[in-house]
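Numbering (this note's numbering), first residue to last: 182 to 445.
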C-alpha cells in the first residue's frame, strides 16, 4: 500500500504522523512525504540574501526537506513503513494529485483547512480541491486539541455513510480492506429526506426511500460481517451533509468515510 502525506509545515506533519501511526498497515506499506513550496512562502530575508533569485526558493526547499526528513522517516520506519521525502515548487492543488497519480498512491493524507488566507477562503481549501481532483482515496485529517483517542484507551470510532450507490460500496470495501485497531466501533448511517421520512412513517407513502436506506445499511453490514469491528446501523432523517457531520460530532467519531461522485 502506498500512502502520500501532503505537508505544508512541521505542525501538519506531526498531525498526519499521529493519525498514521495510530493505525496498523499491511506489510510492505510505503509512504512518501510531499511538501510543496510556493514562492510567497519563502521568507523575505531569504529572498534578500539570494538577490531575489531562484536560489532563495531552493534554499527554502532544502531547509524544509531537512526538517521533514528528520521527523518523518524515523517515526514511519518505527511502525514498519519505509518512507521518502519529496520537496517540490509550484501549485499544491495540482502537484498533490499529479504526484499521487504518477506514484500510484492508494491513499492521500492531507490536513483540513491548512491554509487560511483570504485567497484560499474565497476559492475553497486545498484539501477540498485535492478531494475533487485526486486519482485515489483521500483522508482529510482534522487537528484536535484533545489527546488522541488511542492515547486514552478509547476504541476508534468510524462513521460510514451509505446511500446504496456504487461509490458507497467502494467506500465500504475500503473500510473492509483496512486493518483497524482492536475494538474499533463502526456506525453505518443512511440519510433520507425528512419530509418523505415523515410521510412514509405515517403510511401516506410506501416506504421506498426508508426501505432503500435500510437495505443500503444491511448490504454494507453484510459486506463487513466477520471483521473484528463492533458494527451498528442507523437511518437518519435530515439534510445529508448536515446530519453526517452532526452524527460524527455527537457520537465522537474519529473518522468519517464517504464515497465521492466524480462530478462537479
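All residues carry an ideal CB built from backbone N, CA and C; glycine is no exception.
Please read these numbers as outputs of a predicted model, since none were measured by experiment.
Helix, strand or coil at residue i according to DSSP, with G and I counted as helix
i: residue 246; result: helix
i: residue 216; result: strand
i: residue 346; result: coil
i: residue 426; result: helix
i: residue 414; result: strand
i: residue 269; result: strand
i: residue 408; result: coil
i: residue 292; result: strand
i: residue 282; result: helix
i: residue 358; result: coil
i: residue 255; result: helix
i: residue 274; result: helix
i: residue 399; result: helix
Residue from the options with nearest C-alpha to residue i
i: residue 360; options: 309, 405, 371 and 278; result: 405
i: residue 390; options: 398, 373, 403 and 399; result: 373
i: residue 203; options: 187, 262 and 191; result: 262
i: residue 425; options: 321, 247, 407 and 368; result: 368
i: residue 316; options: 441, 194 and 190; result: 441
i: residue 341; options: 437, 237, 217 and 183; result: 437
Terminal residues of the beta strand (DSSP E) in which residue i lies
i: residue 318; result: 318 to 322
i: residue 437; result: 436 to 438
i: residue 188; result: 183 to 188
Residue(s) in a DSSP beta bridge with residue i
i: residue 338; result: 366
i: residue 371; result: 416
i: residue 263; result: 211
C-alpha distance - residue i paired with residue j, whole-angstrom precision
i: residue 449; j: residue 286; result: With the chain represented from 182 up to 445, any question about residue 449 goes unanswered, as that position is not in the structure.
i: residue 394; j: residue 199; result: 35 Å
i: residue 267; j: residue 185; result: 10 Å
i: residue 370; j: residue 289; result: 24 Å
i: residue 345; j: residue 396; result: 8 Å
i: residue 419; j: residue 191; result: 39 Å
Unbroken alpha helix (DSSP H) run spanning residue i, endpoints
i: residue 191; result: 191 to 202
i: residue 308; result: 307 to 314
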